[in-house]
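A.B. asks: Numbering (the numbering used here), first residue to last: 85 to 694.
Don't be surprised by glycine CBs; every beta carbon is placed ideally from N, CA and C.
Note that the structure is predicted; figures quoted are calculated from it, not measured.
Dropping a structure here in structure tokens format, bear with me for questions.
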Amino acid sequence: AAAKAWQVPASECVARASVVSHPSTNRCATYGSLALAASRISLPGDAIPLKPATSNRLLGKPVSGVDNLDIVMGRPLFGMDVSRPNMRYAAIARCPSGARLVSYDDRQARAFRGVHNVIRIDGLERCTWLRSGVAVVADCTWTAIKARNALHVVWDKAPEGALRSEDISARLRKSALEPGTCLRHAGDVEAALQQASHNVDAEYELPLVAHVPMEPMNCTAHVSTGRCDVWGPIQMPDSACTNVARAIGLPKEAIAIHPTRIGGSFGRRLASDYAAEAAYISKAIGDPVQVIWTREDDLEHDFYRPAAYHHIRAGMSGDGEVVAWRHRICSLADSMYPTSTGAAGLIAPRSSDLRADLNDDLVPCLIANYLLEVSNPKLPVETGSLRAPGNHANAFVVNSVLDELAHASGIDPVKLRMRLLGTKSDFPYKGPYRSSIYNPDRLKAVIMRAAEISDWNQALPPRCGRGIAAHYTNGSCAAHVIEVEVNVNLEIRFRRVIAVIDCGIVVNRSGVDAQAQGGTIDALSAAMFGEVILENGRAKQLNFDSYRWIRNKETPQVEIMIMESDEEPTGIGEIPYPPVAPALTNAIFQATGQRIRRLPLARFGYKLAT
Numbered sequence: 085a086a087a088k089a090w091q092v093p094a095s096e097c098v099a100r101a102s103v104v105s106h107p108s109t110n111r112c113a114t115y116g117s118l119a120l121a122a123s124r125i126s127l128p129g130d131a132i133p134l135k136p137a138t139s140n141r142l143l144g145k146p147v148s149g150v151d152n153l154d155i156v157m158g159r160p161l162f163g164m165d166v167s168r169p170n171m172r173y174a175a176i177a178r179c180p181s182g183a184r185l186v187s188y189d190d191r192q193a194r195a196f197r198g199v200h201n202v203i204r205i206d207g208l209e210r211c212t213w214l215r216s217g218v219a220v221v222a223d224c225t226w227t228a229i230k231a232r233n234a235l236h237v238v239w240d241k242a243p244e245g246a247l248r249s250e251d252i253s254a255r256l257r258k259s260a261l262e263p264g265t266c267l268r269h270a271g272d273v274e275a276a277l278q279q280a281s282h283n284v285d286a287e288y289e290l291p292l293v294a295h296v297p298m299e300p301m302n303c304t305a306h307v308s309t310g311r312c313d314v315w316g317p318i319q320m321p322d323s324a325c326t327n328v329a330r331a332i333g334l335p336k337e338a339i340a341i342h343p344t345r346i347g348g349s350f351g352r353r354l355a356s357d358y359a360a361e362a363a364y365i366s367k368a369i370g371d372p373v374q375v376i377w378t379r380e381d382d383l384e385h386d387f388y389r390p391a392a393y394h395h396i397r398a399g400m401s402g403d404g405e406v407v408a409w410r411h412r413i414c415s416l417a418d419s420m421y422p423t424s425t426g427a428a429g430l431i432a433p434r435s436s437d438l439r440a441d442l443n444d445d446l447v448p449c450l451i452a453n454y455l456l457e458v459s460n461p462k463l464p465v466e467t468g469s470l471r472a473p474g475n476h477a478n479a480f481v482v483n484s485v486l487d488e489l490a491h492a493s494g495i496d497p498v499k500l501r502m503r504l505l506g507t508k509s510d511f512p513y514k515g516p517y518r519s520s521i522y523n524p525d526r527l528k529a530v531i532m533r534a535a536e537i538s539d540w541n542q543a544l545p546p547r548c549g550r551g552i553a554a555h556y557t558n559g560s561c562a563a564h565v566i567e568v569e570v571n572v573n574l575e576i577r578f579r580r581v582i583a584v585i586d587c588g589i590v591v592n593r594s595g596v597d598a599q600a601q602g603g604t605i606d607a608l609s610a611a612m613f614g615e616v617i618l619e620n621g622r623a624k625q626l627n628f629d630s631y632r633w634i635r636n637k638e639t640p641q642v643e644i645m646i647m648e649s650d651e652e653p654t655g656i657g658e659i660p661y662p663p664v665a666p667a668l669t670n671a672i673f674q675a676t677g678q679r680i681r682r683l684p685l686a687r688f689g690y691k692l693a694t
């Protein structure tokens with residue numbers, strides 16, 4: 085467009101820093117001023133030469149966040165910072181899972197100075213939309229919380245509402261003995277297991293895990309004259325708009341969502357129940373209202389990572405091939421996504437039905453004889469998506485069983501994976517869950533690079549171990565090697581933590597590094613301590629004193645290696661999480677001889693050295 089306007093050859097023009105210039109005549113124009121004219125020119129096709137990646141000034145380089153200084157200085161960015169004229173504050177006594185609100189006595193709550201109203205909330209069909217409860221509206225958060233705690237609420241609990249963690253485990257194990265839904269079947273599994281040279285028969289179990297973002301749920305809403313404005317840390321504005329419309333009976337066109345900066349989500353804010361709460365209360369009182377959740381509210385009324393039980397029987401041939409894999413997974417039904425099977429990220433061979441390969445979220449591999457069955461019992465506990473949904477839990481199981489097979493057959497765990505994963509030509513397809521063509525060569529490359537960086541074949545001192553794990557999630561690949569020393573008191577000291585990531589073309593290196601570090605540390609926390617224990621249908625842990633998370637002084641340095649790639653960007657937020665737990669437990673096995681098949685590690689007395 086510039087060349088045409090200046091009547092000069094395009095080869096004489098230079099595009100740099102949002103400006104097109106013609107050096108010999110000292111003319112220049114901004115991209116914005118040329119945009120309209122450029123839109124009228126047909127593209128020349130695919131033959132436009134691009135500059136080499138080594139010449140990039142921004143792409144792939146570290147760029148600081150535009151609001152970093154505002155965050156450090158505590159300037160108002162987050163949902164809890166929102167303030168509106170005449171705004172009230174609300175705290176809610178929410179209905180426990182599996183219960184029904186019968187009645188409440190609000191006399192003591194109304195006696196607090198500054199309390200304006202007490203409102204009954206009639207929940208919607210799904211608790212991810214809106215829970216039933218009783219809200220106290222007051223002048224400030226302190227009064228709202230104290231008065232809420234003074235409510236006397238009667239809940240009618242169904243018999244199964246008094247659920248314990250032991251009941252969940254028993255129900256999942258029972259489901260494994262009942263017929264399940266077959267997701268993938270190939271070959272003759274039973275015959276292959278009988279003929280295998282080495283077999284593994286293992287049970288794995290994963291608990292409920294909470295999201296615990298640093299900013300608890302909160303939201304501000306104002307319903308007035310047929311319109312609703314909503315301000316808050318909302319991850320999914322469109323679904324939040326739909327949810328608010330359900331709660332207050334307005335059309336979506338009358339609802340405006342104003343997202344603030346989010347103080348962490350990890351999947352929790354995929355639901356927008358907290359937005360519906362604020363809108364419901366504002367409609368009732370006619371004023372703006374900010375609903376605040378305490379940390380105790382956040383832990384007790386989370387949509388936890390579903391608990392799951394896995395039974396795997398797998399076999400190896402004498403020449404080191406995985407020839408059989410029978411996998412039964414029983415995972416609690418997902419409250420956020422009821423159609424989810426909980427099988428995302430499990431390995432599976434190609435199906436005889438290509439459409440199944442195009443539409444599932446299993447990780448392709450080469451196993452001739454295979455059977456995957458699932459069941460999803462529904463219990464009165466609310467569940468949902470956690471970082472790398474399904475994948476983070478299932479990667480632990482798959483990578484652990486692969487390590488078991490490697491040790492049982494005397495095959496190096498890295499070599500076993502190289503044989504199992506195949507090559508790009510083995511999986512020539514893509515689909516809705518695979519935005520790019522699945523390429524196992526990329527996954528194998530991160531494994532080999534992680535092994536190289538870690539000096540994989542170097543001998544270790546006594547009570548030291550080195551574990552490897554890798555995973556493919558939503559087009560990206562990661563491999564972790566974790567090296568630990570475990571003393572006789574089961575104190576774990578991290579010697580090295582290595583993360584190798586292939587997420588396609590890197591746009592902002594700072595963002596990739598931050599996600600790789602944060603995801604790895606988040607996953608270490610969950611592997612060590614992550615478990616919500618239910619007693620009488622309610623969470624036993626209600627704050628960070630009892631829901632343990634990794635401390636700064638316990639946090640290891642994470643060595644990050646980002647693979648060079650010319651593939652399209654495929655995301656970084658989820659992939660650093662799944663390989664961490666199995667890399668850690670595989671390292672512990674090498675150091676101690678103890679195979680960990682149930683998380684968290686704290687359950688078995690393991691702790692972090694400081």
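In chain order, what residues of the same chain have a beta carbon less than 7 Å from the beta carbon of Leu527, not counting five sequence neighbours either side?
C.D. replies: The answer, listed in chain order, is Leu505, Ala554, Tyr556, Cys561.
A.B. asks: Using the C-alpha atoms, what's the distance from Leu608 back to Ala174?
C.D. replies: The alpha-carbon atoms of Ala174 and Leu608 are separated by roughly 35 Å.
A.B. asks: Looking at Gly404: is its Cβ nearer than 8 Å to the Cβ of Ser493?
C.D. replies: The answer is yes: Cβ separation under 8 Å.
A.B. asks: Would you give the residue range spanned by the beta strand (DSSP E) that Leu267 belongs to?
C.D. replies: Taken as a continuous stretch (DSSP letters only), the beta strand (DSSP E) holding Leu267 covers 265-270.
A.B. asks: Please confirm whether any heavy atom of the ligand GTP lies closer than 7 Å to the CB of Gly506.
C.D. replies: This structure lacks the ligand GTP, and indeed carries no ligand of any kind.
A.B. asks: Which stretch, first to last residue, makes up the beta strand (DSSP E) that contains Asp510?
C.D. replies: First-last for Asp510: undefined, no H or E at that position.
A.B. asks: What residues in its chain sit with their C-beta under 6 Å from that of Gly116, if we drop five residues either side in the sequence?
C.D. replies: Closer than 6 Å at Cβ, skipping near neighbours: no residue.
A.B. asks: Apply the 10 Å Cβ neighbour rule to Leu416 and answer buried if 16 or more other Cβ atoms are within range, or exposed otherwise.
C.D. replies: Leu416 comes out buried.
A.B. asks: If you count every other CB in all the chains shown that lies within 10 Å of the CB of Asp151, and 16 or more means buried, which is it?
C.D. replies: So Asp151 counts as exposed.
A.B. asks: Which same chain residues end up closer than 8 Å to Glu466 when comparing Cβ atoms and leaving out the 5 residues on each side of it in sequence?
C.D. replies: Taken in chain order, the residues that qualify are Ser181, Cys211, Thr212, His385, Asp386, Phe387, Tyr388, Ser419.
A.B. asks: Using 10 angstroms around the beta-carbon of Phe688, count the other beta-carbons present and answer buried if the total reaches 16, otherwise exposed.
C.D. replies: Exposed, since its Cβ has fewer than 16 Cβ neighbours within 10 Å.
A.B. asks: Let me check understanding here. Comparing Cα to Cα, which of Lys367, Val293, Ile176, Thr265 lies closest to Arg412?
C.D. replies: The candidate whose alpha carbon is nearest that of Arg412 is Thr265.
A.B. asks: Using a Cβ-Cβ cut-off of 6 Å (strictly less than) and excluding sequence neighbours within five positions of Asp487, which residues of its own chain qualify?
C.D. replies: If we look at Asp487 and ignore the five residues flanking it on each side, its Cβ neighbours are Pro497, Asn670.
A.B. asks: Using the beta-carbon count (16 or more within 10 Å), is Lys374 buried or exposed?
C.D. replies: Residue 374 is actually Gln in this sequence, not Lys. Buried.
A.B. asks: Touching or not, the segment 315-330 and the segment 424-436, by the rule of three or more beta carbon pairs under 8 Å?
C.D. replies: Touching, no, given that fewer than three Cβ pairs across the two stretches are closer than 8 Å.
A.B. asks: Name the DSSP bridge partner or partners of Tyr173?
C.D. replies: According to DSSP, which records beta bridges pairwise, Tyr173 is partnered with Ala222, Gln374.
A.B. asks: Among residues of its own chain, excluding the 5 on either side of Gln601, which ones have a beta-carbon nearer than 6 Å to its beta-carbon?
C.D. replies: Around Gln601: Val642.
A.B. asks: Could you give the first and the last residue of the continuous alpha helix (DSSP H) run that contains Phe480?
C.D. replies: Element bounds for Phe480: 475-493.
A.B. asks: Return the chain-ordered list of same chain residues with a C-beta closer than 6 Å to the C-beta of Asn620, the five sequence neighbours on each side being excluded.
C.D. replies: Ala246.
A.B. asks: For the putative contact between Ala228 and Cys312, defined by C-beta atoms under 8 Å, what is the C-beta separation to the nearest angstrom?
C.D. replies: 21 Å between Cβ atoms; not a contact.
A.B. asks: List, from N- to C-terminal side, the alpha helix (DSSP H) runs of 4 residues or more that fit wholly inside the segment 138-185.
C.D. replies: Segments of the alpha helix (DSSP H) lying fully in the segment 138-185: 152-156.
A.B. asks: Would a C-beta distance cut-off of 8 Å place Val293 and Leu463 closer than the cut-off?
C.D. replies: The answer is no: Cβ separation not under 8 Å.
A.B. asks: With a 10 Å radius around its C-beta and 16 neighbouring C-beta atoms as the bar for buried, classify His282 as buried or exposed.
C.D. replies: Burial call: buried.
A.B. asks: Going by alpha carbons, who is nearest to Asp223 out of Ile205, Val166, Phe196, Ser249?
C.D. replies: Measuring from the Cα of Asp223, the nearest candidate turns out to be Phe196.
A.B. asks: Does the segment 628-643 come close enough to the segment 574-587 to have 3 or more Cβ pairs within less than 8 Å?
C.D. replies: Contact holds: three or more Cβ-Cβ distances are below 8 Å.
A.B. asks: The beta strand (DSSP E) spanning Gly549 covers which residue range?
C.D. replies: Gly549 -> beta strand (DSSP E) spans 548-557.
A.B. asks: I need the straight-line Cα distance from Pro291 to Val591, nearest angstrom please.
C.D. replies: If I take the Cα positions, the gap works out to 36 Å.
A.B. asks: Any idea which residues DSSP pairs His200 with across the strands?
C.D. replies: His200 pairs with nothing; no bridge assigned.
A.B. asks: Buried or exposed for Gly333, going by 16 or more other Cβ atoms inside 10 Å?
C.D. replies: Under this definition Gly333 is an exposed residue.
A.B. asks: Can you tell me which of the three DSSP states Asn670 falls into?
C.D. replies: In this structure, Asn670 counts as helix in the three-state DSSP scheme.
A.B. asks: How about Ala176 and Ala219: do their beta carbons lie closer than 8 Å?
C.D. replies: Sequence inspection shows Ile at residue 176; the Ala mentioned does not correspond to that position. Yes.
A.B. asks: Would you list, in sequence order, the uninterrupted beta strand (DSSP E) runs of no fewer than 3 residues that lie entirely inside the segment 575-633?
C.D. replies: List check, beta strand (DSSP E) in window: 575-586.
A.B. asks: Could you tell me the distance, in whole angstroms, from the CA atom of Gly149 to the CA atom of Glu299?
C.D. replies: Whole-angstrom Cα-Cα distance: 19 Å.
A.B. asks: Straight-line CA distance for Glu658 to Gly603?
C.D. replies: Rounded to whole angstroms, Glu658 to Gly603 spans 7 Å at the Cα level.
A.B. asks: Are there 16 or more other CB atoms within 10 angstroms of the CB of Asn558, so buried, or fewer, so exposed?
C.D. replies: Result: buried.
A.B. asks: To the nearest angstrom, how far is the alpha carbon of Ile495 from that of Arg184?
C.D. replies: Straight-line Cα distance between these residues: approximately 55 Å.
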